[in-house]
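Here's the structure we're looking at; comments come further down.
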């Protein structure tokens, strides 16, 4: 399951995508629209800014804005940024691999093989879905 943090990030990105013509959006506007704690959302938006998805402007007329086109924001990258691995087990993770303590030989582990297939199919979808797909579904 996605964490609340990632879910809120997707809501915030969607809100920013819908309000691109306004140039900047206040954190408070997103927080009120989606019932998210202002402080929690601020931390999420800072992570998204550091990752290069958002820009921010201080002072009058300030706020956050998308610096990438929605079609250039893959869901897989947002999820990995905030939640870490997409794989359900560490022994099949592409970016966060760790051997399972209870497994003596991964090459003969049926669970490993099935979970690797689940990871691959999930990645096929998430790497080809972007913020633009969410916006088009709204």
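Residue numbers (UniProt numbering): 1 to 138. Here a beta-carbon is modelled for each residue, glycine too, at the ideal position from N, C-alpha and C. Owing to the predicted nature of the structure, the values given are computational and were not obtained by experimental measurement.
Checklist entry - Comparing alpha-carbon positions, which option in 77, 55, 2 lies nearest residue 24? => result In the chain shown, counting from the first residue as 1, residue 24 sits at position 24. When only C-alpha atoms are compared, the closest one is 55.
Checklist entry - Which of helix, strand or coil does DSSP assign to residue 16? => result As a position in the chain shown, residue 16 is number 16, starting the count at 1. Looking at residue 16 - three-state DSSP - the assignment turns out to be helix.
Checklist entry - Skipping 5 residues on each side, what residues in its chain have a beta carbon closer than 6 Å to that of residue 87? => result Within the chain shown, numbered from 1, the residue matching residue 87 stands at position 87. Same-chain partners within the cutoff: 93, 119.
Item to check | beta strand (DSSP E) runs contained entirely in the segment 47-77, provided each spans 3 or more residues | outcome: Listed in chain order, they are 54-57, 63-66.
Checklist entry - Based on the DSSP output, what are the partners of residue 114 in its beta bridges? => result By one-based count along the chain shown, residue 114 stands at place 114. Note: residue 114 sits in no beta bridge, so no partner.
Checklist entry - Assuming residue 90 and residue 100 make a contact with CB atoms under 8 Å, what is their CB distance in whole Å? => result Locating residue 90 in the chain shown gives position 90, counting from the first residue. Locating residue 100 in the chain shown gives position 100, counting from the first residue. 7 Å between Cβ atoms; contact.
Checklist entry - When every heavy atom of the ligand GDP is checked, does at least one fall within less than 6 Å of the C-beta of residue 23? => result In terms of ligand content, the structure shown is empty, and the ligand GDP therefore cannot be addressed.
Checklist entry - Can residue 126 and residue 82 be called in contact, C-beta distance under 7 Å? => result Translated into positions along the chain shown, residue 126 becomes position 126. Translated into positions along the chain shown, residue 82 becomes position 82. Going by C-beta atoms, residue 126 is not nearer than 7 Å to residue 82.
Item to check | Inter-residue Cα distance where the pair is residue 135 and residue 18 | outcome: Taking the first residue of the chain shown as 1, we reach residue 135 at position 135. Taking the first residue of the chain shown as 1, we reach residue 18 at position 18. Those two C-alpha atoms are separated by around 7 Å.
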